[in-house]
Amino acid sequence: MTKQLRLCSILLAPDAIFSSLARRVPVLGTVERLSFRRTAVRYVVLSRDLMSHCDIIRTAPLCITHRQNVTEMGFLGVVVLAAGWSGTQGAAVPRGDLFSFDPTWKPALPVGGHTYSAVGISASGHAFLTQRGNTTISPILVLDTKSGALVEQWGSKDVAIATSATGSTWGSHGIAVEECNYACAPQSTASKKVRAWVEDFTGHTVTAFTFEGTRLLQIGTKGVAGNGTNPLQFGNVADAAIVTPATPTDPTVVYATDGDGGYDNRVVKVEVGSSGGVTTGWATPHMYSSPHSIALHARTNLLVVADRGHNATRLIDASTGKDLGVWDCGLDFGIRGVPFGVRTLQRDGHDLVLVASMDNPQDHRFQYIHVLDASKLSAASGSASACSVIQTIEIDPAAYSGPHLLGVDPTNGDVYAVLVADSPLSTVLRFKFSG
């Protein structure tokens, strides 16, 4: 005999947005995945008080508000598929979302290049891309964001190489682009106000370059791993957030995650003076586990860190280095992937944090970019700040590898995702911002 439940509504949601929606509403129960017109879906049974509030889950493709008796086994009932849902290769895009996959973006990546790792976007319309897999090709590639054309490639003299029984790889793990208010790269002929900072987890350095690849300054000791702060040493440094100064006499601030593997497992703040002098502002304890990516939320002066090994995104006070705890909008990290990349975007009235996630080790499951509403994030509330997931983009596992690190175009809000694993495809995708 099956138990009868008196229900007010049933929601049918594609798996890519199931967990996001389930966290936003009181859930009475669920059943397993099933096939519905070749789309993986789940039934979600919602509590009775949602009967008149179905508008809060309007992004779902199915919302039933009929009172009815539904058996617990099978959840039988009347369902109506709402218009507006379609599967899109490379992204799951419910109607009304802020980002959509851009099939017109065709990056002219060099033949033989692979294991693409990171991307940074300049206001001048260029994507700086790191390539680790082929040491006969330059580790840094510069693409035109409009045409996708390859316009520069460099770094072979400066980026370290790791050699193992399976071959050689570049250490160019992360990259951050700095847009200066002054000529911070006077040696450049193409863009004197742009510096590209490369996080080399093999060479244990963070190095600033011109647009054309001339080395400007370096933090850390190349080839020497360490955890010292005076002078500063890096382990497997993974990513950085750069804050450019208002005037040439003020220091550039570098926040770096140290790192991807290794033993440092910390975040550091570094100030780089106009003459190139380096001062360590602070260094956290060795409390993280492969802190893989970092971004500054400028409005609150909080750092968002992808603490990959701990299956969490965390907040740090950028002024003091104090860890404020986990802030992840209830995302099921550790169950449905782990955070790899984080970036922030404040534009057109939106205040967003973007989190790239996938399984680790990579098995082509849970390949997502989560878009979080950070409008209620505050330094005072810290990790207790309200948060909501407003979009989850799914990277098609049949066509693409999972997202590793992200880049944001400062001129239009477009998001670029670098897919690192060589199978099924390592590349860089673009998602157009429509806010």
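For this note's numbering, count along the sequence shown from 1 and bump the result up by 39. Where a beta carbon is used, it is the ideal one built from N, C-alpha and C, also for glycine. Treat the numbers as computed from the prediction; the structure is a model and nothing was measured.
Can you tell me where the beta strand (DSSP E) holding residue i begins and where it ends?
| i | result |
| --- | --- |
| Gln401 | That residue, Gln401, is in no beta strand (DSSP E); it is neither H nor E in DSSP. |
| His389 | 389-397 |
| Ile374 | Ile374 -> no beta strand (DSSP E), and no H or E assigned at all. |
| Trp366 | No beta strand (DSSP E) holds Trp366; DSSP gives it neither H nor E. |
| Ile434 | Where Ile434 is concerned, there is no enclosing beta strand (DSSP E), given that its DSSP letter is neither H nor E. |
| Gly446 | 442-447 |
| Val263 | Looking at the DSSP string, Val263 is not in any beta strand (DSSP E), and its letter there is neither H nor E. |
| Lys471 | 466-472 |
| Ala334 | 330-336 |
| Ser139 | 138-140 |
| Tyr407 | 407-412 |
| Thr246 | 244-248 |
| Leu354 | 351-356 |
| Tyr455 | 454-458 |
| Ala345 | 341-346 |
Taking the beta carbon of residue i as the centre, do at least 16 other beta carbons fall within 10 Å, making it buried, or is it exposed?
| i | result |
| --- | --- |
| Ala460 | buried |
| Gln226 | exposed |
| Asp387 | exposed |
| Arg171 | buried |
| Asn220 | exposed |
| Tyr407 | buried |
| Lys232 | buried |
| Ala247 | buried |
| Tyr302 | exposed |
| Lys196 | exposed |
| Val394 | buried |
| Lys308 | buried |
| Arg72 | Annotation note: pLDDT 35 at Arg72 (below 50); position unreliable, coordinate value reported separately. Exposed is the call here. |
| Asn275 | buried |
| Arg404 | exposed |
| Asn269 | exposed |
Kindly give me the distance between the Cβ atoms of residue i and residue j, rounded to whole angstroms, as I take these residues to be in contact under 8 Å.
| i | j | result |
| --- | --- | --- |
| Ala215 | Ala280 | 6 Å |
| Ala166 | Thr184 | 5 Å |
| Leu445 | Gly380 | 4 Å |
| Ser396 | Gly376 | 4 Å |
| Trp236 | Arg469 | With 8 Å as the limit, Trp236 and Arg469 do not qualify as a contact, their Cβ atoms being about 22 Å apart. |
| Asp136 | Gln385 | That belief does not hold up - the Cβ atoms of Asp136 and Gln385 are roughly 18 Å apart, past 8 Å. |
| Ala277 | Glu238 | 6 Å |
With a threshold of 6 Å (Cβ to nearest heavy atom), would residue i be considered close to the ligand COA?
| i | result |
| --- | --- |
| Lys415 | This structure does not include the ligand COA; it has no bound ligands of any sort. |
Q) Do the region 404-424 and the region 326-346 make contact, defined as three or more Cβ pairs closer than 8 Å? A) yes
Q: Mind the definition here: the region 363-371 touches the region 317-334 only if three or more C-beta pairs lie below 8 Å; say whether that holds.
A: Two segments are said to touch when three or more pairs of C-beta atoms, one from each, lie closer than 8 Å; by this definition the region 363-371 does not touch the region 317-334.
(Q) Ignoring anything shorter than 3 residues, give me the beta strand (DSSP E) runs that lie fully in the region 156-234, in order along the chain. (A) 165-170, 179-183, 189-193, 200-203, 206-209, 211-218
Q) Hey, which unbroken runs of the alpha helix (DSSP H) at 4 residues or more fall wholly within the region 259-318? A) Fully enclosed alpha helix (DSSP H) runs of 4 or longer: not present.
Q.
Measuring CB atoms only, is the region 197-205 touching the region 240-258, in the sense that at least three cross pairs come out at less than 8 Å?
A. For the pair of segments examined, the region 197-205 was found to touch the region 240-258: the number of CB pairs separated by less than 8 Å reaches three.
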